[in-house]
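Asker: Everything in the sequence shown is counted per UniProt numbering, starting at 1 for the first residue and increasing by one. Even for Gly, the Cβ is constructed at its ideal location relative to N, Cα and C.
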Amino acid sequence: MSKLAEKVQKELIQAIDNDELVLPTLPEVALKVREAAEDPNIGIPELSKVIGNDAALTARIIKVVNSPLLRTNKEITDLQMAVARLGINYTCNLATGLAMEQMFQATSDVVDRKMREVWNKSTEIAGICHVLCKHYTRLLPDQATLAGLVHQIGVLPILTYAEEHSELLADSISLNHVIEQIHPIIGDKILRTWDFPEQIAMIPSQYLDFTRDSAKVDYVDIVQVATLQSYLGSEHPYTQLDWSQIPAFRKLGLDPNQNLNDDEDLSAAMEAAMSMLQ
1 MSKLAEKVQK
11 ELIQAIDNDE
21 LVLPTLPEVA
31 LKVREAAEDP
41 NIGIPELSKV
51 IGNDAALTAR
61 IIKVVNSPLL
71 RTNKEITDLQ
81 MAVARLGINY
91 TCNLATGLAM
101 EQMFQATSDV
111 VDRKMREVWN
121 KSTEIAGICH
131 VLCKHYTRLL
141 PDQATLAGLV
151 HQIGVLPILT
161 YAEEHSELLA
171 DSISLNHVIE
181 QIHPIIGDKI
191 LRTWDFPEQI
201 AMIPSQYLDF
211 TRDSAKVDYV
221 DIVQVATLQS
231 YLGSEHPYTQ
241 LDWSQIPAFR
251 KLGLDPNQNL
261 NDDEDLSAAM
271 EAAMSMLQ
């Protein structure tokens with residue numbers, strides 16, 4: 001580890017320990033959606049009104065519901081029909097996840113490119129999560145999608161820090177090292193600050209623990225396998241691991257040597273899931 005990476009890492013951990021690190025806040029529309037979701041009496045018209053105040057999010061949800069993965073014979077053209085088709089819980093999780101894209105923007109080109117890269121990877125993994133969840137578990141695909149979208153949320157404060165410290169921004173190796181080491185800790189802290197359920201909030205710090213073996217399959221397992229699958233065909237270090245020793249594959253009932261893209265139906269479903277989120 002370089003001296004710069006060591007110094008930044010120490011500063012960030014100290015800031016986390018002292019509650020001095022400025023954590024990002026959820027976009028306003030996501031806060032309102034989550035508040036609406038907590039109302040047991042919320043109906044489709046009321047939720048549609050909350051989401052409808054954000055034109056971009058409205059368009060994204062209508063796009064999702066008409067995607068090959070979810071569409072029916074009849075095209076859906078308005079938000080209320082889309083919410084009725086998806087259901088309130090699914091819509092709330094999807095809207096919360098998609099609204100976070102607004103946070104992955106920066107003032108400098110270098111950081112903006114890095115944020116785009118992180119968001120694009122998150123949508124790719126979220127799409128794979130959706131398909132894995134639907135085909136191999138009894139968990140909720142909308143929760144799995146949200147899990148995939150937020151698993152790297154801890155990268156944001158690090159990139160914000162880098163934007164204010166030119167020496168770190170100029171040293172991509174040190175920056176990547178700091179991100180790799182610190183984002184899981186920050187990610188958990190952010191999601192707990194946002195009051196996300198524990199099954200989602202613990203994902204950033206646990207999805208890269210390839211020895212983890214919980215009593216039953218959970219969203220961490222799904223994000224973990226989706227992350228590994230997303231690097232197939234590359235020279236990423238994860239592809240050099242012995243996947244047969246990773247418990248998450250067993251819990252999902254997946255052959256570690258299986259490339260999901262070799263299954264035409266699964267491959268098409270993953271492509272559809274990724275495209276609906278991008």
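With H, G and I counted as helix, E and B as strand and the rest as coil, what does DSSP make of I182?
Answerer: Note: I182 maps to helix in three-state DSSP.
Asker: One question on the structure: do Q14 and S48 come within less than 9 Å of each other, judged by their Cβ atoms?
Answerer: Contact flag unset, no.
Asker: Where does I190 sit, in a helix, a strand or coil, going by DSSP?
Answerer: Correct three-state label for I190: helix.
Asker: Return the chain-ordered list of same chain residues with a C-beta closer than 6 Å to the C-beta of L12, the five sequence neighbours on each side being excluded.
Answerer: For L12, where only same-chain residues beyond five positions count, the Cβ hits under 6 Å are I182.
Asker: Within 10 angstroms of the Cβ of Q105, are there 16 or more other Cβ atoms? Answer buried if so, exposed if not.
Answerer: Q105 should be labelled exposed.
Asker: Please classify P141 as buried or exposed, where buried requires at least 16 neighbouring CB atoms within 10 angstroms.
Answerer: The residue in question, P141, is buried, as its Cβ has 16 or more Cβ neighbours within 10 Å.
Asker: Could you tell me the distance, in whole angstroms, from the CA atom of D54 to the CA atom of R138?
Answerer: In a straight line, the C-alpha of D54 is about 32 Å away from that of R138.
Asker: According to the neighbour-count rule (16 or more other Cβ atoms, all chains shown, within 10 Å of its Cβ), is N41 buried or exposed?
Answerer: Counting Cβ neighbours within 10 Å, N41 comes out exposed, since fewer than 16 surround it.
Asker: With H, G and I counted as helix, E and B as strand and the rest as coil, what does DSSP make of D112?
Answerer: Correct three-state label for D112: helix.
Asker: How big is the Cα-Cα spacing for P256 and E164?
Answerer: So the alpha carbons of these two residues sit roughly 42 Å apart.
Asker: Identify the continuous alpha helix (DSSP H) that holds E164 and give its terminal residues.
Answerer: Where E164 is concerned, there is no enclosing alpha helix (DSSP H), given that its DSSP letter is neither H nor E.
Asker: Confirm, please, whether the CB-CB distance from L159 to I190 is below 9 Å.
Answerer: Contact flag unset, no.
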